[in-house]
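2 protein chains.
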Amino acid sequence: MNGAQAVVRTLADCGVTACFANPGTSEMHFVAALDTVPQMRGVLCLFEGVATGAADGYGRMTGQPAAALLHLGPGLANGLANLHNARRARSPLLAIVGDHATYHKRFDAPLESDIDALAGTVSGWVRRSARSADAAADAAEAVAAALTPPGQIATLILPADVTWSDGAEPAAPVAARPAAPIPDELISRATGALRGLGTALHGGESCVILLGGTGLRRPALEAASRIAQATGARLLAETFPARHERGAGIPAVDRLAYLVEFAAAQLAGTRHLILAGASAPVSFFAYPGKPSTPLPVDCQVHVLAEGGDDVPGALAVLADRVAPSATPTAQQPGQPDLGGLPDGELTGETAAAVIGALLPEGAIICDEANTSGLWLPAATAGAPPHDWLSLTGGAIGQGLPLATGAALACPGRPVLALEADGSAMYTASALWTHAREQLDITTVIFSNHSYAILNMELERTGAAVTGTTARDLLDLSRPSIDFTALAAGMGVPASRAVTTSEFATQLQRALAEPGPHLIEAVIPPIS
Amino acid sequence: MNGAQAVVRTLADCGVTACFANPGTSEMHFVAALDTVPQMRGVLCLFEGVATGAADGYGRMTGQPAAALLHLGPGLANGLANLHNARRARSPLLAIVGDHATYHKRFDAPLESDIDALAGTVSGWVRRSARSADAAADAAEAVAAALTPPGQIATLILPADVTWSDGAEPAAPVAARPAAPIPDELISRATGALRGLGTALHGGESCVILLGGTGLRRPALEAASRIAQATGARLLAETFPARHERGAGIPAVDRLAYLVEFAAAQLAGTRHLILAGASAPVSFFAYPGKPSTPLPVDCQVHVLAEGGDDVPGALAVLADRVAPSATPTAQQPGQPDLGGLPDGELTGETAAAVIGALLPEGAIICDEANTSGLWLPAATAGAPPHDWLSLTGGAIGQGLPLATGAALACPGRPVLALEADGSAMYTASALWTHAREQLDITTVIFSNHSYAILNMELERTGAAVTGTTARDLLDLSRPSIDFTALAAGMGVPASRAVTTSEFATQLQRALAEPGPHLIEAVIPPIS
């Protein structure tokens, strides 16, 4: 068989069975090889940023890497922003980049560029297969690399002649490196910080456990809740979790605020911060006269477990040590009462209440609502159990692709993509893939006709606005974008809601019907 | 004044007066500074690939760099594919990338990434301003670097605190390095190759002059035409010129074919190839059993002038030496007769005839029609003088952005964006900027519901297709994309043509009315 056939066979044997693709000539043998391995599902995306974002969503929901098939350097470049988000999400992801034939590189053909340099900026592992006979083994190692706990991007560069040359054979799967055990020293340090709290409940030192990564899945949350019960430590979640299991029956954890001054208020008085899968908190941006971190100056930071560690295991050990008899506190069920909502102009707040009231069990929420999503966490806290996937790396254009991958990964579960209008325009062609694959995704576009977050940031950075050019660059109202037309143009049934009751009716219908839907929720910008 | 104000003032003083922007928080002071310099026009794009492609189009038509304002590493990443095309076009272009404040970098905030590595893959010049007091001088040097003949990408990275800190002053413009004079040795070599043709007209050695870059502007074409008249040398144009002046009254030059076997046929028997602003020809891709270059093995390649040289000057000197008394041969006027076209199903061929018949004088054509554009060069050869801008680097998604910049640069000239459907979906949000700025752009979408070129390439690469997955990954028909809905959703009036006469009527109307229009030209794939 040729190199491409051996690679695709090997990927399937390694558990990689989804390939989000936007191929070109240099990937034609890889594309043809997909037909030789029925376990491998090829999913066409109309832009590489959709393919990489979909692979991220798939990885977050399954823990297994999907492949993103990309066309040389420019294809990788188009996929980089969502690879950046995937890197920040620590998702397992396999980027396969086709390249010119080995002997053709020296001719500097028009599509030639420095693929390796681009790949290096987002990947934990990069390899360029040199020979057809090596390609399958390289692919097996790439999958193992992608699965390095908790997950990372592995990039395999496949020159065209490596894929088309014969003499290749499939390779056996390679075992991924397991997570390293947590050093007892780290457990002890955290224990010490928590024991200092022996008096905390009575006015002693304040301790916060900041949860992130796999620390936001149910088993870890239950261990953390036991610790909090027994010690008085407070729990917080990182600001933008890759995947947060939440809802009724699961211990509730507030997220650290996006704005550094609000985060500082949440952390005021904290003397010990224990990191469990999260990084030390940092302001998303710097601002004149504002600190880079919300931590109090006298706060000690203790690393219990880093993102790549066995975070649930570390929390379980710690819970057994400091809270052997405590039980977790589960979130009580409770959803906004749809009947109690005042009808009238739809707002971010009433939209959140409708979503909270209607959220089905097992929903997967892909949240890129930005400023319009302010009210969502509270409105959905007591909803049936669901997963919340955030924009991890700040590179907008992630939500619709992420939903694509999550829906492919979990065919039985409803997916809700909550999108800001400005962000949606980055990768709107994901809607076409929603339609093509008939994915059960309900997209809500929060249409406030503005980069609202930037109007806020313009003030916060202290930039002096003296004319209309600056404001114009943050304005999406001229012309206003008709998202129902865009959706219909790509085969997704769509409607527009301007009142709360319209939105409720439309969301109910979209959730009840299979397949993709889009609702343009027209709301005012936050003021 | 602060660093941002000094930079924007300096850019305007250096002749940079257009800024295609998709800013974020780290660029807010730069955005605010735009209001302090009325000469600077800020143009909002909804995706960075639109901003960079627009800056490319602007640079191709004016010879002056426009700025593309990008948001940290992910913003640059989204703009990279069109920067790749701009690098291949040798366009002058200034990429301004905002970054975190200098002191904030160490905190590894979510948007942190290796901007410098990304910038290095496309830029001829990269600098990171370290201090507010240096930023304006850095900007002046960046503009000079962008103008290094014939043009290149200069990337200036501006940390947020460099832009917001006071104590900056505007800097004086820096003179760009002029093109180096052509060494007389190169003129002599080319002369020797051409003089060997003293007998060529009588069956001697065959010589081709391959024109590229500024060798495809009218003065260079006229010098080349004189040389061809006097010596019997043949003229060819590079396959994908950045800007080709052509039409009635201008010497006509056929382009070297895209497919290597066709290019080899064009070059068969050539013993001397003189390069005038073009690179040595190379196959766009490698294919099993096909050569990487179309050149005959016994062909000698002579470099007269490289892309960065004074190509028109070199051709003029050469013409004076070998063709002192020759006159150029101008293309005769002649356009397809609209009345003589058979009505019926629109095809790529009849669409080209309609475009050739209606092309207005001074039109700027942004050609990303790919396989659907096969008939365009012949159908437009005798049209009134116009500029033809090609997809230079093979990274699709260039046409609509390129048209944006060309229209901004040349407000009095009609712009025709000829787009393949697959390529259009990469950066379709450019249509919104067409509407917002009311640009005089007529977009024709050749809608064949297929990545037609890849169906052809699938055969040519010899990939064995054994099932439906491979073909499905090249198919855009399920669902079919309604480009009239997409255009209307972004504020561009649109219509659909399925017959030749419909297309003619719609194109006539679109060209007659100011402002943007879109025509979805439904055609069958080439077979």
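Residue numbers (my numbering), protein chains in the order written: chain A, 1 to 527; chain B, 1 to 527. In this text, a Cβ means the ideal position worked out from N, Cα and C, and glycines have one as well.
Is the CB of residue i under 7 Å away from at least one CB in chain A?
{"i": "serine 292/B", "result": "yes"}
{"i": "glutamate 457/B", "result": "yes"}
{"i": "histidine 517/B", "result": "no"}
{"i": "histidine 100/B", "result": "yes"}
{"i": "alanine 32/B", "result": "yes"}
{"i": "glutamate 275/B", "result": "Rather than glutamate, the amino acid found at residue 275/B in this sequence is leucine. With 7 Å as the cut-off, leucine 275/B does not count as an interface residue toward chain A."}
{"i": "asparagine 78/B", "result": "yes"}
{"i": "phenylalanine 284/B", "result": "yes"}
Taking the beta carbon of residue i as the centre, do at least 16 other beta carbons fall within 10 Å, making it buried, or is it exposed?
{"i": "phenylalanine 284/A", "result": "buried"}
{"i": "proline 38/A", "result": "exposed"}
{"i": "glutamate 261/B", "result": "exposed"}
{"i": "proline 411/A", "result": "exposed"}
{"i": "proline 514/A", "result": "exposed"}
{"i": "arginine 436/A", "result": "buried"}
{"i": "proline 110/B", "result": "buried"}
{"i": "glutamine 5/A", "result": "buried"}
{"i": "arginine 478/A", "result": "exposed"}
{"i": "aspartate 298/A", "result": "exposed"}
Distance cutoff 7 Å, beta carbons only. Does residue i sit that close to anything in chain B?
{"i": "tyrosine 426/A", "result": "yes"}
{"i": "histidine 434/A", "result": "no"}
{"i": "threonine 10/A", "result": "no"}
{"i": "arginine 255/A", "result": "no"}
{"i": "phenylalanine 20/A", "result": "no"}
{"i": "serine 113/A", "result": "yes"}
{"i": "aspartate 440/A", "result": "no"}
{"i": "valine 303/A", "result": "no"}
{"i": "tryptophan 164/A", "result": "yes"}
{"i": "serine 533/A", "result": "Given that chain A is displayed from residue 1 to residue 527, the structure contains no residue 533/A and the question cannot be resolved."}
{"i": "methionine 1/A", "result": "no"}
{"i": "arginine 189/A", "result": "no"}
Only counting the same chain, and skipping five residues up and downstream in sequence, which positions put a Cβ closer than 6 Å to that of residue i?
{"i": "alanine 363/B", "result": "His386, Pro414 and Leu416"}
{"i": "leucine 46/B", "result": "Ser429 and Trp432"}
{"i": "arginine 529/A", "result": "Summary: the structure shown does not reach residue 529/A, with chain A confined to residues 1 through 527, and so no result is reported for it."}
{"i": "glutamate 371/A", "result": "Note on residue identity: the sequence assigns threonine, not glutamate, to residue 371/A. For threonine 371/A, where only same-chain residues beyond five positions count, the Cβ hits under 6 Å are Ala452, Ile453 and Ile526."}
Apart from the five residues on each side of it in sequence, which residues of its chain come closer than 8 Å, Cβ to Cβ, to residue i?
{"i": "alanine 323/B", "result": "Arg226, Ile227, Gln229, Ala230 and Thr231"}
{"i": "alanine 200/B", "result": "Because the pLDDT at alanine 200/B is just 45, under 50, the model does not fix this residue reliably, and the point stays unresolved."}
What does a CB cutoff of less than 7 Å around residue i pick up in its chain, not counting 5 residues either side in sequence?
{"i": "glutamine 398/A", "result": "Gly53, Asn82, Asn85, Glu368 and Leu391"}
{"i": "arginine 88/A", "result": "Thr392 and Gly393"}
{"i": "valine 303/B", "result": "Leu186 and Leu275"}
Between which two residues does the alpha helix (DSSP H) holding residue i run?
{"i": "aspartate 13/A", "result": "3 to 13"}
{"i": "valine 317/B", "result": "311 to 322"}
{"i": "glutamine 229/B", "result": "218 to 231"}
{"i": "alanine 351/A", "result": "348 to 358"}
{"i": "isoleucine 523/B", "result": "From DSSP, isoleucine 523/B is part of no alpha helix (DSSP H); its letter is neither H nor E."}
{"i": "proline 159/A", "result": "Where proline 159/A is concerned, there is no enclosing alpha helix (DSSP H), although the beta strand (DSSP E) it sits in stretches over 153 to 159."}
{"i": "phenylalanine 262/B", "result": "260 to 267"}
{"i": "glutamate 134/A", "result": "Reading off the sequence shown, one finds aspartate at residue 134/A, where the question assumed glutamate. Where aspartate 134/A is concerned, the enclosing alpha helix (DSSP H) stretches over 132 to 146."}
{"i": "phenylalanine 30/A", "result": "28 to 34"}
{"i": "glycine 339/B", "result": "It is not in any alpha helix (DSSP H) - glycine 339/B carries neither H nor E in the DSSP assignment."}
What span of residues does the beta strand (DSSP E) with residue i cover, start to end?
{"i": "aspartate 367/A", "result": "364 to 368"}
{"i": "arginine 246/B", "result": "244 to 246"}
{"i": "histidine 434/A", "result": "Counting along the chain, histidine 434/A falls outside any beta strand (DSSP E), though it belongs to the alpha helix (DSSP H) covering 430 to 436."}
{"i": "arginine 127/A", "result": "125 to 128"}
Using 8 Å as the threshold, is the region 12 to 31 of chain B in touch with the region 129 to 146 of chain B, meaning 3 or more CB pairs across them? Counting Cβ pairs under 8 Å, three or more are found: they touch.
Taking one C-beta from the region 181 to 196 of chain A and one from the region 144 to 158 of chain A each time, how about it: are there three or more such pairs within less than 8 Å? no
Are three or more beta carbon pairs between the region 211 to 226 of chain B and the region 342 to 356 of chain B nearer than 8 Å? Too few Cβ pairs lie closer than 8 Å, so no.
Pairs of beta-carbons, one from the region 271 to 286 of chain A and one from the region 321 to 338 of chain A, closer than 8 Å: are there three or more? no
For the structure I just gave you, are there three or more beta carbon pairs, one from the region 496 to 505 of chain A and one from the region 122 to 133 of chain B, closer than 8 Å? no
Under 8 Å, with one C-beta from each stretch per pair, do the region 26 to 35 of chain A and the region 466 to 482 of chain B reach the 3-pair mark? yes
Taking contact to mean 3 or more Cβ pairs, one atom from each stretch, closer than 8 Å, check whether the region 350 to 358 of chain B and the region 325 to 341 of chain B are in contact. yes
Answer yes if the region 53 to 66 of chain B comes into contact with the region 104 to 122 of chain B, meaning at least three C-beta pairs across the two stretches below 8 Å, and no otherwise. no
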